[in-house]
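What follows is a short report on a single structure.
Residue numbers (full-length UniProt numbering): 1 to 229.
Okay, structure coming up:
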């Protein structure tokens, strides 16, 4: 069994990368795939780059070259659901694009032609992530994570996303693209991210300050999952 892990930024994969034994490195376009072992488990760790296209390119390369059995997307997210605070964990039951709109042709908001409206996470992986996060004492919210090629940093943008997707828990820039690629290749996936900001007018400052905490929290959860898989 090989565990695939995807993070967008160097800061989001650094902890896991530094724990890898027998580490090798493969570069594909802007993506970097690190392969090795963590706690004796075979790991393929992708640093994809930021945004949907980078995530799709990197995830495709990961699945084709490393052939993991499933994919865990880790990193940071903006908290949208009520009660979320910096450092809390969001786990996907499903992912959707908040910036796709083909409703003129009868599709749901966020749905792309020839694709489902939502990409459903693997329930066993999501259940395991929730169990481990709760055992680690982390505050967890599970549900819909929305992706788009924008850093959300205003109340107006949050209000629009919530109007379109009332059940959204967190927003970020890669997860749904990763999910779409996994769906195309029939590879199970789950998203486990830690909150770095509230998506409001202070989001950019909060993100810079709390990204290290978010990376630490999400990496701790992924490590817990690795031990159980």
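We put the beta carbon where it would ideally sit given N, CA and C, even for glycine.
Which residues DSSP lists as bridging residue i, in chain order
i	result
residue 230	This structure cannot settle anything about residue 230, because the visible part of the chain is limited to 1 through 229.
residue 42	2 and 37
residue 28	31
residue 145	95 and 170
residue 220	Per DSSP, none; premise fails for residue 220.
8 Å Cβ cutoff met for residue i and residue j
i	j	result
residue 97	residue 176	yes
residue 59	residue 171	no
residue 80	residue 196	no
residue 38	residue 20	yes
residue 12	residue 74	yes
residue 24	residue 40	no
DSSP three-state assignment for residue i, whether helix, strand or coil
i	result
residue 164	helix
residue 117	coil
residue 187	coil
residue 140	strand
residue 175	helix
residue 13	helix
residue 7	strand
residue 152	coil
residue 106	coil
residue 66	helix
residue 21	strand
residue 124	helix
Range of the contiguous alpha helix (DSSP H) that encloses residue i
i	result
residue 50	Neither: residue 50 is in no alpha helix (DSSP H) and is coded neither H nor E.
Residue i, enclosing beta strand (DSSP E) - first and last residue
i	result
residue 89	89–97
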